[in-house]
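A short write-up of the structure that comes next.
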Amino acid sequence: MLELSIPDDYTAVVGLTRLWGSLNDLPADGTGIFILLKQANNLMGKQLPPVLRDSVLGLQLSYFGDYPDPSDLVPSIIFAIAFFIFLCAHMFIYIMNYSRGHYFNISLCAAFYCLVRTLAFSLRAAWSQDITKGRIGVAGEVFLILAPVIPVSFNLILAQRIFAWRHPVKGSSKLFWYGTFLLFGLVLVFIATNIVAGAVPVMYFLSEVVRKRYIICLQASSILIIINSLRAASLLLSTFIIRPNEKEKHLYTYQPWWIESFGIFYYVKSGEAQKAAATFSRRNSNHRHAIRVIAATHHNYSMVEGLSNQRGDLKHNHSMLIILISTVLLVAGAILRCIVMFQARIQKDTSSLGKPIAMYICYGLLEVFNNILYLVGRIDLRFYKPDRLPNDIKYMVSVQPTANQSDVEVEYFDISGERTPIDNVSSFATEKEMTDDDDNEFRF
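Under my numbering, the residue at position 317 of the sequence shown is numbered 325, and the numbers go up by one with no gaps.
Structure (structure tokens):
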């Protein structure tokens with residue numbers, strides 16, 4: 009009788025998985041886990057043997073943070089609670105500011121970021137109790153990937169405000185904002201690509217060739233995430249490299265002079281922004297078309313209640329430091345995730361960088377520090393710029409009849425309230441042509 013030589017490591021689980029592979033046209037290992045799970049439940053019931061579950065899990069592609077087990081419950085709950093507290097803190101600051109007429113919508117972005125992080129760790133905690141709940145796991149992974157992109161994006165807006173303060177013309181131009189919108193669009197595209205590339209292999213059976221293509225897609229998107237994380241720092245660097253031209257040095261800017269402090273417990277007085285906007289009805293037209301920028305730090309000590317064309321010595325050092333530290337904290341997780349993606353290992357052979365501890369440090373601890381930085385640094389004050397003036401104030405003119413009814417005298421008021429007549433409407437048209445690109449900027 010012919011006897012077959014069976015390897016020692018050829019267990020019943022190995023035979024069963026190979027049988028399933030043959031029944032499903034020999035897909036690549038680690039793909040179609042949702043389909044396999046359904047077939048296993050039909051064959052063995054809802055409670056699968058741990059040895060079968062661990063064997064199938066070990067063939068999955070290794071991800072940054074690994075797949076959770078019951079030991080992930082406590083740290084996931086801790087970070088979920090921590091980010092929920094930060095969510096409440098950001099919302100408290102936003103509501104306090106809003107009630108005082110100080111509108112800073114980036115605080116809402118920060119709150120939404122904390123909400124996404126809370127959901128991500130909450131879903132991971134639920135997944136840790138039953139690894140076969142694949143749909144919960146996929147949703148949790150999506151939130152884990154999405155969350156760091158949000159602070160990276162509004163860090164870019166904060167960096168743009170520093171750039172626009174130093175370079176009002178360049179920072180508020182249409183070309184600059186069109187480029188910013190284009191980059192935001194590209195970010196959305198590669199986030200969607202990353203989510204699809206991570207979800208499809210676990211939802212459907214794929215051939216080995218197609219599986220490798222999805223891995224390459226994940227690797228490419230991880231590189232793009234690193235580049236995206238560094239954009240705010242590169243914009244700050246360009247603030248130093250590019251010098252203001254003569255036009256920018258003599259250009260009037262509208263800064264929030266009523267902000268007296270960047271202190272942790274400081275809030276602007278109620279209605280100050282609206283009172284400041286109302287004063288422009290008594291000012292010259294070119295004042296009303298001034299470019300809105302963030303407050304120069306030295307105005308906290310020598311306040312000028314009006315417009316300024318003094319750029320100063322770039323004294324927003326602490327503001328820039330907030331962006332740079334935040335960038336470092338966020339890019340650390342992006343780099344480690346990229347390394348894990350390029351290792352392209354399966355779960356049972358994952359490296360130490362792919363273990364949960366690395367993920368909890370980068371996506372948990374470092375981002376906790378990042379939120380503390382936003383709150384203690386009071387980004388809602390440092391990076392606030394005045395709201396747009398109402399159109400009835402911005403384009404205000406007064407018309408008075410003269411002896412010659414065909415002539416129209418248009419008069420403006422300077423900062424001291426003195427009338428400054430302009431001979432005719434064509435002069436006003438010339439003034440209006442001086443309007444900068446402030447109306448075309450991003451509304452935040």
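C-beta atoms are modelled at their ideal positions from N, C-alpha and C, and glycine is treated no differently.
| Item | Value |
| --- | --- |
| Cβ neighbours of residue 47 in the same chain (closer than 7 Å, five flanking residues each side left out) | 28 |
| Cα-Cα separation, residue 386 to residue 90 | 19 Å |
| C-alpha distance - residue 49 paired with residue 42, whole-angstrom precision | 11 Å |
| Between the CA atoms of residue 297 and residue 108 - distance to the nearest angstrom | 25 Å |
| Where residue 69 falls: helix, strand or coil (DSSP) | strand |
| When 78, 152, 214, 135 are compared against residue 36, the one with the closest alpha-carbon | 214 |
| Buried/exposed call for residue 458, threshold 16 Cβ in 10 Å | Residue 458 is absent from the model: the chain starts at 9 and stops at 452. |
| Which of helix, strand or coil DSSP assigns to residue 299 | strand |
| Pair within 8 Å by beta-carbon distance, residue 379 and residue 122 | yes |
| Buried or exposed (CB count within 10 angstroms, at least 16 for buried), residue 149 | buried |
| Inter-residue spacing [alpha-carbon to alpha-carbon] between residue 260 and residue 299 | 7 Å |
| Pairwise C-alpha distance: residue 390 and residue 270 | 6 Å |
| contact_flag[the region 332-348, the region 66-80] where n(CB pairs < 8 Å) is 3 or more | yes |
| Cut-off 7 Å between Cβ atoms - residues of its own chain near residue 65, not counting five sequence neighbours on either side | 75, 139, 355 |
| With 16 other Cβ atoms within 10 Å as the buried cut-off, status of residue 124 | buried |
| Distance CB(residue 172)-CB(residue 129) smaller than 8 Å | no |
| Presumed contact (8 Å Cβ cut-off) between residue 330 and residue 381, rounded CB distance | 6 Å |
| Proximity below 8 Å, CB of residue 226 to CB of residue 202 | yes |
| Length at least 4, wholly inside the region 142-224: the alpha helix (DSSP H) runs in chain order | 142-154, 157-174, 176-179, 182-211 |
| Residues of its chain near residue 274, where Cβ-Cβ distance is below 8 Å and the 5 sequence neighbours each way are ignored | 268, 386, 389 |
| Contact the region 191-210 vs the region 221-235: 3+ CB pairs below 8 Å | yes |
| Of the residues 113, 263, 155, 335, the one placed nearest residue 244, counting alpha carbons only | 335 |
| Residue from 277, 77, 246, 119 whose Cα sits closest to the Cα of residue 383 | 119 |
| Secondary structure of residue 19, DSSP reduced to three states | coil |
| Pick from 396, 286, 325, 277 that is closest to residue 248, judged by C-alpha positions | 325 |
| Range covered by the alpha helix (DSSP H) that runs through residue 341 | 325-351 |
| Identity of the residue in 93, 369, 397 nearest residue 283 by Cα | 397 |
| Sub-8 Å separation of residue 137 and residue 81 beta-carbons | yes |
| Buried/exposed call for residue 251, threshold 16 Cβ in 10 Å | exposed |
| Cβ neighbour criterion (16 or more within 10 Å) applied to residue 52 | exposed |
| Backbone secondary structure at residue 261 - three-state DSSP | strand |
| C-alpha distance - residue 78 paired with residue 114, whole-angstrom precision | 36 Å |
| Beta-carbon proximity of residue 147 to residue 131, cut-off 8 Å | yes |
| 8 Å Cβ cutoff met for residue 63 and residue 160 | no |
| Residues bridged to residue 354 (per DSSP) | 69 |
| Sequence-distant residues of the same chain with beta carbon closer than 7 Å to residue 232, five excluded per side | 198 |
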